[in-house]
Amino acid sequence: IVAPRVTKLLAADAAGIAEAARVLKVGGLVALPTETVYGLACDATDPHAVAGLYAAKGRPSFNPLIAHVPDIDAARRVGHLTPAAETLARRFWPGPLTLVVPAIEGATSELARAGLSSVAIRVPAHPVAQAVLRAAGRPIAAPSANRSGHVSPTSAAHVSADLDGRIDLILDAGASAVGVESTILDCTGEVPVMLRPGGLPREAIKEALGAPLASPAPRVVEEAEAGEAPLAPGMLASHYAPTIPVRLRAREVKPGEALLTFAGAQPPGAEQAVARLDLSPTGDLVEAAANLFAHLRALDSSGAIAIAVVALPRHGLGEAIADRLRRAAAPR
Ligand code: TXA
Ligand code: MG
Numbered sequence: 004i005v006a007p008r009v010t011k012l013l014a015a016d017a018a019g020i021a022e023a024a025r026v027l028k029v030g031g032l033v034a035l036p037t038e039t040v041y042g043l044a045c046d047a048t049d050p051h052a053v054a055g056l057y058a059a060k061g062r063p064s065f066n067p068l069i070a071h072v073p074d075i076d077a078a079r080r081v082g083h084l085t086p087a088a089e090t091l092a093r094r095f096w097p098g099p100l101t102l103v104v105p106a107i108e109g110a111t112s113e114l115a116r117a118g119l120s121s122v123a124i125r126v127p128a129h130p131v132a133q134a135v136l137r138a139a140g141r142p143i144a145a146p147s148a149n150r151s152g153h154v155s156p157t158s159a160a161h162v163s164a165d166l167d168g169r170i171d172l173i174l175d176a177g178a179s180a181v182g183v184e185s186t187i188l189d190c191t192g193e194v195p196v197m198l199r200p201g202g203l204p205r206e207a208i209k210e211a212l213g214a215p216l217a218s219p220a221p222r223v224v225e226e227a228e229a230g231e232a233p234l235a236p237g238m239l240a241s242h243y244a245p246t247i248p249v250r251l252r253a254r255e256v257k258p259g260e261a262l263l264t265f266a267g268a269q270p271p272g273a274e275q276a277v278a279r280l281d282l283s284p285t286g287d288l289v290e291a292a293a294n295l296f297a298h299l300r301a302l303d304s305s306g307a308i309a310i311a312v313v314a315l316p317r318h319g320l321g322e323a324i325a326d327r328l329r330r331a332a333a334p335r
């Protein structure tokens with residue numbers, strides 16, 4: 004049970020940013036824009052604030068949080084950057100990349116790390132996130148600002164729909180540019196392992212490392228999908244879920260269904276769809292990622308009995324899109 008809070012909604016101007024930093028410093032919960040999705044922020048060093056954040060999201064407390072910092076120097080105070088992490092941080096931060104490295108004890112609360120000896124670190128590029136992080140002056144834990152298991156928010160309205168009355172403040176800076184969460188790489192070993200495809204495509208990382216990425220061992224994936232393993236809980240099978248069923252690689256639209264299409268594709272039955280949205284009429288995967296969560300939410304409330312989704316390309320951001328759609332369609 005979460006004690007009700009009055010949720011303020013402010014524009015992300017200088018006054019809003021100052022208020023966000025103030026609320027964070029006293030242990031409050033602030034939804035703020037990043038370039039990937041809106042995050043629900045709290046002081047990562049304050050176990051009470053972190054406990055409140057888990058409760059507001061309804062998130063299982065074994066699921067660790069990403070520590071957000073403004074730059075690589077601040078990152079070095081939170082975790083030990085391994086050689087691969089160092090290379091990738093220099094190349095891609097600030098940006099949609101999260102690096103898991105050995106944690107520096109005491110730099111973030113154990114609860115925020117869910118007891119792990121590693122820590123996930125991200126340096127967001129969004130100017131509002133940057134300004135809040137600098138003003139707060141401490142690592143900030145920020146999962147996506149949705150109820151656990153729901154579709155991630157790419158606007159202040161999405162945040163409000165999920166968390167109004169459960170958090171202290173929402174900073175509104177319009178729609179998120181990238182639209183899917185950061186790519187997460189485990190850099191604790193010799194070869195980085197991709198734990199979650201996201202806003203930075205695999206191809207760019209491969210190119211920077213001059214070597215392919217490793218994939219998690221099949222056993223690890225299995226345990227994570229069964230909800231057992233604490234190592235990469237973001238890989239829980241059912242996630243990003245609309246309230247109605249999602250049907251992938253649809254080749255036709257069945258009666259009562261809504262259609263989520265791409266590049267103008269019109270499968271048989273499309274004219275009868277309850278609602279129809281195109282992720283990118285021109286076939287641009289960057290645009291498709293930016294539209295994904297907003298389109299899922301819109302079709303979810305269209306009155307349809309299910310969402311039929313056409314097949315999409317898998318390269319570039321297509322890998323992250325496919326991952327989110329697979330979880331949205333997973334049995335609950
Ligand atoms: O783009 C993003 O990453 C957004 C914005 C707000 O920054 N944040 C986000 O956080 O997506 P969240 O909590 O929804 O997802 C973080 C994922 C979780 O799946 C968690 O299991 C994983 O990161 N994670 C955190 N710490 C980890 C660790 N030490 N080892 C492995 N996975 C970790
Ligand atoms: Mg999330």
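Going by the UniProt record's numbering, the sequence shown opens with residue 4, and the numbers climb by one from there. Even for Gly, the Cβ is constructed at its ideal location relative to N, Cα and C. All values derive from a computational prediction rather than experimental measurement.
Item                                                                                                                            : Value
Residue of 246, 296, 262, 267 minimising C-alpha distance to residue 335                                                        : 246
Beta bridge counterpart(s) of residue 187 as assigned by DSSP                                                                   : 101, 199
Residues proximal to ligand 2 by C-beta, any heavy atom closer than 6 Å                                                         : 146, 147, 155
Classification of residue 306 by the beta-carbon crowding that lies within 10 angstroms, buried from 16 upward                  : exposed
Sequence-distant residues of its chain with Cβ nearer than 8 Å to residue 150 (five each side left out)                         : 60, 61, 165, 166
Touching by the beta-carbon criterion (3+ pairs, under 8 Å), the segment 5-25 and the segment 93-113                            : no
Close-in-space but distant-in-sequence residues of the same chain around residue 323 (CB under 6 Å, 5 per side omitted)         : 183, 200, 201
Distance, residue 178 Cα to residue 157 Cα                                                                                      : 6 Å
Touching by the beta-carbon criterion (3+ pairs, under 8 Å), the segment 205-215 and the segment 78-98                          : yes
Unbroken alpha helix (DSSP H) run spanning residue 303, endpoints                                                               : 288-303
Residue span of the alpha helix (DSSP H) that contains residue 19, given as start and end                                       : 17-28
Cut-off 8 Å between Cβ atoms - residues of its own chain near residue 135, not counting five sequence neighbours on either side : 20, 23, 24, 27, 33, 35, 44, 143, 174
Pick from 53, 255, 270 that is closest to residue 66, judged by C-alpha positions                                               : 53
As assigned by DSSP and simplified to three states, the class of residue 163                                                    : helix
CB of residue 127 within 8 Å of CB of residue 97, strictly                                                                      : yes
Nearest-angstrom Cβ-Cβ length linking residue 170 and residue 330, presumed shorter than 8 Å                                    : Their Cβ separation, rounded to whole angstroms, is 24 Å, which puts residue 170 and residue 330 out of contact at 8 Å.
Integer Cβ distance of residue 204 from residue 319, believed to fall under 8 Å                                                 : 5 Å
Residue 2 CB to nearest heavy atom of ligand 1 below 7 Å                                                                        : Because the chain in this structure spans residues 4 to 335, residue 2 falls outside the shown range and cannot be described.
Counted within 10 angstroms of its Cβ, other Cβ atoms place residue 308 as buried (16 or more) or exposed                       : exposed
Run of the beta strand (DSSP E) containing residue 281, from where it starts to where it stops                                  : 279-281
Residue 39 vs residue 163 beta-carbon contact at 8 Å                                                                            : no
Given residue 140 as reference, the closest of 153, 198, 216, 76 once Cα atoms are compared                                     : 76
Near ligand 1: residue 40 beta-carbon under 7 Å from a heavy atom                                                               : yes
CA-to-CA distance, residue 192 to residue 11, given in whole angstroms                                                          : 43 Å
Short CB-CB distance (under 8 Å) between residue 254 and chain D                                                                : No chain D is part of this structure, which consists of one protein chain only.
Contiguous alpha helix (DSSP H) assignments of at least 4 residues, all confined to the segment 56-98                           : 75-79, 86-95
Under the three-state DSSP convention, the category residue 209 falls into                                                      : helix
CB-CB length for residue 196 against residue 293, believed under 8 Å                                                            : Rounded, the Cβ-Cβ distance is 27 Å, inconsistent with contact.
Rounded distance between the beta-carbons of residue 280 and residue 302, thought under 8 Å                                     : 6 Å
Buried versus exposed call for residue 285 [16 or more other C-beta atoms within 10 Å across all chains shown]                  : exposed
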